[in-house]
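Remarks on the structure that follows.
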Amino acid sequence: MSTTEPPTSKIEEPRRSWRPRLRSRGVVITAVVAALVVIGGVTAALLLPDHDRDRFGPGFDRAGWSGQGPWEGGRHGGWGPHDRDDFDEDDFEGRGPGGRPFGLADEPVVTGTVASVAGGSIVVNVDGAGQRTIRTDSDTRVRGSSNSGLGDLQVGERVVVGVEGTGDAATAESIWVPQASVSGTVTAVSGETATVTSVDGLPVTVNTTALTQKPVVGDVVVLTGTADAGTIRADGIRVLPKAS
Numbered sequence: 001m002s003t004t005e006p007p008t009s010k011i012e013e014p015r016r017s018w019r020p021r022l023r024s025r026g027v028v029i030t031a032v033v034a035a036l037v038v039i040g041g042v043t044a045a046l047l048l049p050d051h052d053r054d055r056f057g058p059g060f061d062r063a064g065w066s067g068q069g070p071w072e073g074g075r076h077g078g079w080g081p082h083d084r085d086d087f088d089e090d091d092f093e094g095r096g097p098g099g100r101p102f103g104l105a106d107e108p109v110v111t112g113t114v115a116s117v118a119g120g121s122i123v124v125n126v127d128g129a130g131q132r133t134i135r136t137d138s139d140t141r142v143r144g145s146s147n148s149g150l151g152d153l154q155v156g157e158r159v160v161v162g163v164e165g166t167g168d169a170a171t172a173e174s175i176w177v178p179q180a181s182v183s184g185t186v187t188a189v190s191g192e193t194a195t196v197t198s199v200d201g202l203p204v205t206v207n208t209t210a211l212t213q214k215p216v217v218g219d220v221v222v223l224t225g226t227a228d229a230g231t232i233r234a235d236g237i238r239v240l241p242k243a244s
């Protein structure tokens with residue numbers, strides 16, 4: 001009986017080609033290098049100063065930002081995007097002195113009522129404090145309600161003053177007279193004074209001297225004007241229809 005002996009010679013396994021492995025490594029290295037180039041370019045764009053936006057390529061726009069604030073000339077420029085001729089007070093209706101009203105940019109502000117305006121200065125009865133005298137000059141801008149200059153400001157009128165400088169050098173850069181309004185029912189009329197019970201149930205005294213159309217008792221009205229020593233000096237009126 002014959003038997004078959006297993007082969008005694010060792011069968012070598014086929015060797016894997018080294019070329020695909022080198023090719024794969026080359027692809028990975030290329031991708032890493034490309035990523036580093038992109039990251040380096042972005043970092044340089046963020047860190048290097050930019051004095052010419054065209055260097056970033058055509059079509060680059062930072063929403064029209066020129067590196068300057070809203071002022072366009074003068075001490076801090078003009079009135080920026082809300083130019084005096086285009087000013088719409090309705091845009092700021094209901095905005096109290098705590099916000100940043102028209103033209104005040106980021107300078108410190110003083111809020112209160114006018115004590116006097118004369119001799120190149122304005123004296124303000126500051127809310128919660130005493131009086132403060134602030135210099136005025138030819139660059140001081142006045143806006144709000146029917147005011148267009150320092151001479152239009154009246155004693156007792158509420159103002160928000162944007163101030164540049166400190167101490168005796170503090171100068172009024174802008175003076176804004178916020179618009180006041182009341183909506184409600186006229187409950188009393190005496191001469192040029194009307195009492196309006198607001199929608200909150202609070203009585204508000206309104207000076208109607210400047211109004212051509214005078215409110216009468218029972219009217220439901222919206223009166224607008226300026227706050228003046230605890231009253232509203234109305235310069236606008238709208239009579240609303242009564243519910244039937």
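Just so we're aligned, residue 1 is where the sequence shown starts under the UniProt record's numbering, counting upward by one. We treat Cβ as the ideally placed atom computed from N, Cα and C, and that holds for glycine. Computed from a prediction, not measured in an experiment: that's the story for all the values here.
For residue i, the three-state DSSP class (helix, strand or coil)
i	result
Leu240	strand
Asp200	coil
Ala169	helix
Ala234	strand
Leu153	coil
Glu164	strand
Leu223	strand
Gly59	Bear in mind that the predicted position of Gly59 carries a pLDDT of just 32, short of 50, making it too unreliable to give a figure here.
Arg53	With a pLDDT of only 39 at Arg53, under the threshold of 50, the placement of this residue in the model should not be trusted; the figure read from the coordinates follows. DSSP places Arg53 in helix when its eight states are reduced to three.
Ala229	coil
Span separating the alpha-carbon of residue i from that of residue j
i	j	result
Ile134	Ala170	6 angstroms
Gly130	Val220	38 angstroms
Leu202	Ala118	36 angstroms
Gln179	Gly144	7 angstroms
Leu240	Asp168	49 angstroms
Identified DSSP bridge partners for residue i
i	result
Ser121	Ala118 and Arg135
Thr111	Val160
Gly184	Ser198 and Val221
Thr205	Thr195
CB contact flag (residue i, residue j, <8 angstroms)
i	j	result
Gly218	Thr197	no
Ala194	Pro215	yes
Ser181	Val222	yes
Glu173	Gly191	no
Thr205	Gly230	yes
Thr113	Gly151	no
Val186	Thr226	no
Gly149	Val160	no
Asp137	Gly120	yes
Integer Cβ distance of residue i from residue j, believed to fall under 8 angstroms
i	j	result
His212	Ala234	Note that residue 212 is Thr in the sequence shown here, rather than His. No, Thr212 and Ala234 are not in contact; Cβ-Cβ is about 11 angstroms, not under 8 angstroms.
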